[in-house]
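If you read the sequences in order, they're chains X and F. UniProt numbering applies: residue 1 is where the first sequence begins, and numbers increase by one. UniProt numbering applies: residue 1 is where the second sequence begins, and numbers increase by one. Every residue, glycine too, gets a C-beta built ideally from N, C-alpha and C.
2 protein chains.
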Amino acid sequence: MGDIYESGDQDKRKPMSTGLYISCPHDIKSALQYAFNFGYHFVITQITHPSYARDVLRNKFTGPIGRTDRILKCSEWGRLIVAELTPSINVDSEIDHVHLQSKAQLLQELGFAYHLGVPAIQIHLKQRNNLNLARIIYQKILSSYTLSIWLTIPMVHLSRYSTLCGPDEKEDTWDWWNDFRIHCRYEKRLGLVLELPDVKHIPSPCEIDRWLGEPVKALLINTSLFILNTHGKPVLPKIHQEIIQKFMALDVQYIIKTNSTGDISMYNKYISFLGRKLYTPNENEAVYKGMEDFLQNPLQPLSEHLDTNIYEVFEKDQIKYTTYQNAIQKALQAVPEDIETPVLMVVGPGRGPLVQASLNVSYILHRPIKLYAIEKNPFAVNTLLDRVENEWGNKVTLINEDMRVYNPPDKADIIISELLGSFGDNELSPECLDGAQRFLKKNGVSIPASYTSYIAPIQSTKIFNEILSNRPADKSVLTCFETPYVVHLVNFYKIDEPKALFTFSHPNWNQYSSNERFKRLSFSATQDCLLTAFVGFFDTVLYGEIILSTNPKNHTENMASWFPIIFPLPEPMQIKGGSTIQVAFWRAESADKVWYEWCVESPMKTNIVNPNGRSYFITKIC
Amino acid sequence: MGDIYESGDQDKRKPMSTGLYISCPHDIKSALQYAFNFGYHFVITQITHPSYARDVLRNKFTGPIGRTDRILKCSEWGRLIVAELTPSINVDSEIDHVHLQSKAQLLQELGFAYHLGVPAIQIHLKQRNNLNLARIIYQKILSSYTLSIWLTIPMVHLSRYSTLCGPDEKEDTWDWWNDFRIHCRYEKRLGLVLELPDVKHIPSPCEIDRWLGEPVKALLINTSLFILNTHGKPVLPKIHQEIIQKFMALDVQYIIKTNSTGDISMYNKYISFLGRKLYTPNENEAVYKGMEDFLQNPLQPLSEHLDTNIYEVFEKDQIKYTTYQNAIQKALQAVPEDIETPVLMVVGPGRGPLVQASLNVSYILHRPIKLYAIEKNPFAVNTLLDRVENEWGNKVTLINEDMRVYNPPDKADIIISELLGSFGDNELSPECLDGAQRFLKKNGVSIPASYTSYIAPIQSTKIFNEILSNRPADKSVLTCFETPYVVHLVNFYKIDEPKALFTFSHPNWNQYSSNERFKRLSFSATQDCLLTAFVGFFDTVLYGEIILSTNPKNHTENMASWFPIIFPLPEPMQIKGGSTIQVAFWRAESADKVWYEWCVESPMKTNIVNPNGRSYFITKIC
């Protein structure tokens, strides 16, 4: 009978880890067995039992403080039990004896949880003011290597929907969380458990998006949210399914809270079923697996030769090369018929995918071409030589030179390149193509014809913490925050839509033009949030109407070659809903390098980040 | 027929990874297939082929530099091929054009190997002077994240056995290696491949021990070393088996070098067979798995409560508690018969194993006792309370107090404790027991009665590098080198045998005695080596003749509770064979802490390490 949920392709499912919330069982071992019997993976429960009356303040030694540690093995405490603190603890009470008693009890329970080695401690937040709680938790996290804290709060506060509360009385639980984690300096061992609201109190999509930018560890689902479907089986309303689907990207866990004491396997099975029903990975999901929010240094293809691994990954992106081939075809068709053998030059061909695309176009159009491949990397040339010998023959002229110094015997009708980085110009495509256009005919074309970078403000303490924890021993913290990173962004909130920043067009015959740039952009924050960085994308016009884009607005479908780029702020900035975020970006250059600087001007001013390219630059030298 | 090697327990085997050395195959893909067909796991081979004549100095672009990268997938280059450099490269030649040509070729081959993404590059050292080679390799390692270098040298140099060479002409290949890695600051991505010598030129046991302290990645075995056994099958002589057995602890790989071009599966099968035949793990091997050379901070049981995980691990050490129980039994038998109910106090009982041992003794001897358990950790007391309630009843009086302040109603005939750390006194057993002896009768005894620490000089660049790479962001490098670590030592060389350092006896009724200590010790280095640290052990007399020891000389068999402790030197010291190593150690104390300082006086002087306990101390405060 439980099989009604067992549909869908077993290979395409998200494993869903479920926990059972059992506030205060008579016996933890039996409670754990009960949860296991119905398919749950772990239990959230109090580790002290209220039947042990304790007066921790007045008497050091009044009796047992909780369950004995020997009822479970360490490996069980360490994997299967999330410890809930006694809910009545309130260290932020203004009543002296409540505050003092609470503090003593909190320290004792934290100590006991640490003694047991549980993987996480769960604390319910019930109000906005948690300053004393935050202080004690921050102290404990810093003085231990392993302790994790899960803060549990409602996804939305009921006051938001109350007609009795004035605008100033309406609580936003995100503020509770934000205050707490700011006090604890965005500590990565602080996680969130969000209570799903009932159907009448669903938060707005942008509020949900903001939660998706937080370190959510679990969703807490009260079984009162379930409704019966036409088969009489409990299911969640569509709106809850949509929320769960969004959080699946964060690999959250699911905690079931129920009053039932009978068979509760149907809730667990249903969550598992959602893992199949709602999981719709895109084509590149398998390729990206494990790279979520992982920091990569942007490539420096001029100063460091790309290696065979990078070439191989790029060459797998069929969408990109098909689009390029279409662009080459359109461009070749536009070369006047009186030019008998148009000259095409692939500059920076790597191991040759665009050389192959050019040969394909010549073949398709039955039009002979003269084709140059101009590559500076001797190890890529080694491969190209092999392909000339065994595949292409004398159809390709291979040149092992930097395109900025090479003097070809011919001038080109079409120069083809793929020199774009995650931010468009950040791998020095402008400088390289300016150097190469010496051998482009005055009416010749460049593929790409132009490219534009885009930025948007984001909130992601995940990335903030990744930068901190990946700091190499020989770099300062500031250096690491003045450096952009290429990231497959998952755990973030986009505060506003991207806007266009810098554009470069080729060829560019204006001898007075420069590749330096400066621009101010303004963004709107619709709700309170934390600005931690700017994310960068780009799009490019290859030829005519043919474009490639990494901008989410019109991202080229299934293209896998580029992740977004992140420009961090050295210090997160608290933003009020309704504020304007104004940011300035520079692209600067000197004789030997190019770099970016950035600076927030509003709602608060920051110092200029990466002045003089002191922390990050792209070298022009081969 | 190959089955003659297939004996032994399949569960008790060391997996043996074997590679095949194929200097310069016509075709790498076929060579790889050949190796796979005969069961080998990887291939060592040149990535450039001599048939590609190259003059890298004079002409930038003369033709292909090596095999094309596309013959293998990146994942194959990255896992299956170790790249050998062209053997004729000699950047340390004094002939100008050889030096220049070699340097250009070396840079090209290193670049190509990096391009291919091979896991390691193998270089044969042929002489002691490799300064220019070391410089280039060090530069390349520092400028890449992944490059690993395997330096191949003979385990022993033939000149050692030549009657034609005078003493000054005899080469020690360890010096070749030691010079090289000193130039590269003990870089952890530098590994060693050692060529096994023939039976006539086996190095001495202490030379082999010194190699065992090095980062040996593989043993290179020429099939000419094999002899035929009585079944006509190739096997290695006993002396080679003994060497291989020793290196198995380092998880080295085995590279077969052969002139055969036929079926060579028997060598690979034989190595696999040795993985079963020679693997003799001790009882605790499974427990220790994965902890090899892993740094742990020494416990601070006074300032930080031990957690349930630590208690559970310790309680599993049956040998220790059986020995303790024997000691308690002997001590109780020695208490005069006229004392009707001897008073036993277990101070720091944790979760109660020594309480249980005391009850066992009382039962065995049919002698009633009065038993106190005095424990400061409230979470351990919580467990003890449960045991009192459910196991022991009123046979045990439980006190939740620090033994240094508790005032009992009785005085004890026997005080029993297990407060010893890896260095004996380093968890402040002397201070705790001095505090507790207030409630010991004047003729009462302490179990343990005494304990002594031992130290020995060692060489281990593995530990040196572990300390460097485990540095927390908020600590200086010096702080990390002024701190002792508890380590399951594997990859190290013991330069001389341990000698006794500090002894403490209990009870100690001499009111003028102090727990501060100072001692100088001298050790002999029989051969050239690198002093990187001192290792510490301890032994303890529990009662009479009953002892426990972690000193390798008389280590209590199968006892698992303690690993050695390491006192690092901030800078490794080069030691000549025949030198005396003189070291001074202090145990110092102030009102609130205890610490060690140490200093080498000979053969060279160092600054005093950890002055005033600035980097490491043990706090006395609960």
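In terms of Cα proximity to M291 (chain F), the closest of F:P378, F:F563, F:D474, F:P507 is F:F563. If you draw a straight line from the Cα of F537 (chain X) to the Cα of N426 (chain X), it is about 11 angstroms long.
I123 (chain F) sits close to L151 (chain F), with the two beta carbons spaced by under 8 angstroms.
Approximately 6 angstroms separates the beta-carbon atoms of T86 (chain X) and Q46 (chain X); this is inside 8 angstroms, confirming the contact. Put simply, of X:D172, X:L225, X:N400 the residue whose alpha carbon is nearest the alpha carbon of W211 (chain X) is X:D172. Linking Q108 (chain F) to I89 (chain F) through their CA atoms gives a straight-line distance of about 11 angstroms. Here C74 (chain F) carries a helix assignment [DSSP, helix/strand/coil]. Inclusion of E418 (chain F) and G348 (chain F) in the CB contact set at 8 angstroms is warranted, their separation being smaller than that value. Using beta-carbon distances, Y406 (chain F) does not count as an interface residue toward chain X, since no partner is under 8 angstroms.
Against chain F, the beta carbon of H115 (chain X) has neighbours under 7 angstroms at H305, D307, T308, F379, listed in chain order. Sixteen is the threshold: when 16 or more other Cβ atoms of the shown chains lie within 10 Å of the Cβ of K494 (chain X), as they do, the residue is buried. Going by DSSP, K103 (chain F) is part of the alpha helix (DSSP H) stretching over 96 to 116.
Any Cβ of chain F closer than 8 angstroms to the Cβ of I65 (chain X) would place that residue at the interface, and such an atom is present. Counting C-beta atoms within 10 angstroms of its own C-beta, G191 (chain X) has 16 or more neighbours from the protein chains shown and is therefore classed as buried. For G290 (chain X), there is no enclosing beta strand (DSSP E), since its DSSP letter is neither H nor E. Among the residues facing chain F, N382 (chain X) is included, as its CB has a counterpart in that chain under 8 angstroms away. A direct Cα-to-Cα measurement between K257 (chain X) and E195 (chain X) gives close to 10 angstroms. DSSP lists F:R587 as the bridge partner or partners of R517 (chain F).
Non-local beta-carbon contacts of D317 (chain X) in its own chain, meaning distances under 8 angstroms to residues more than five positions away in sequence, involve M559, A560, S561 in chain order. L116 (chain X) and Y145 (chain X) have their alpha carbons spaced roughly 14 angstroms apart. Nearest CB-CB separation between D386 (chain F) and chain X: below the 8 angstroms threshold.
The beta carbon of F112 (chain F) falls within 8 angstroms of a beta carbon belonging to chain X, placing the residue at that interface.
Taking a C-beta distance under 8 angstroms as the contact criterion, Q459 (chain F) and F492 (chain F) qualify as a contact pair. The CB of A473 (chain X) comes closer than 9 angstroms to the CB of L468, S469, R471, A473, V477 in chain F, given here in chain order. Scanning chain F for C-beta atoms nearer than 8 angstroms to the C-beta of E312 (chain X) yields K73, C74, reported in chain order.
Using a Cβ-Cβ cut-off of 8 angstroms, W77 (chain F) counts as an interface residue toward chain X, since at least one Cβ of chain X sits closer than that to its own. Look at G19 (chain F) here: in three-state DSSP terms it is strand. Annotation for S453 (chain F): the continuous beta strand (DSSP E) segment containing it runs 450 to 459.
Each residue's CA atom was taken as its position, placing D293 (chain X) and T483 (chain F) some 35 angstroms apart. Taking CB atoms only, T452 (chain X) has no neighbour in chain F less than 8 angstroms away. Around the beta carbon of H97 (chain X), fewer than 16 other beta carbons lie within 10 angstroms, which makes this residue exposed. The alpha-carbon of F502 (chain X) is positioned some 5 angstroms away from that of T452 (chain X). Taken atom to atom, the span from the alpha-carbon of P301 (chain X) to that of K620 (chain X) is near 10 angstroms.
For M573 (chain F), the pairing in a beta bridge is given by DSSP as F:L531. Contact of R276 (chain F) with chain X by beta-carbon distance below 8 angstroms is absent, the smallest such distance being about 30 angstroms. Taking a beta-carbon distance threshold of 8 angstroms, R517 (chain F) does not count as an interface residue toward chain X.
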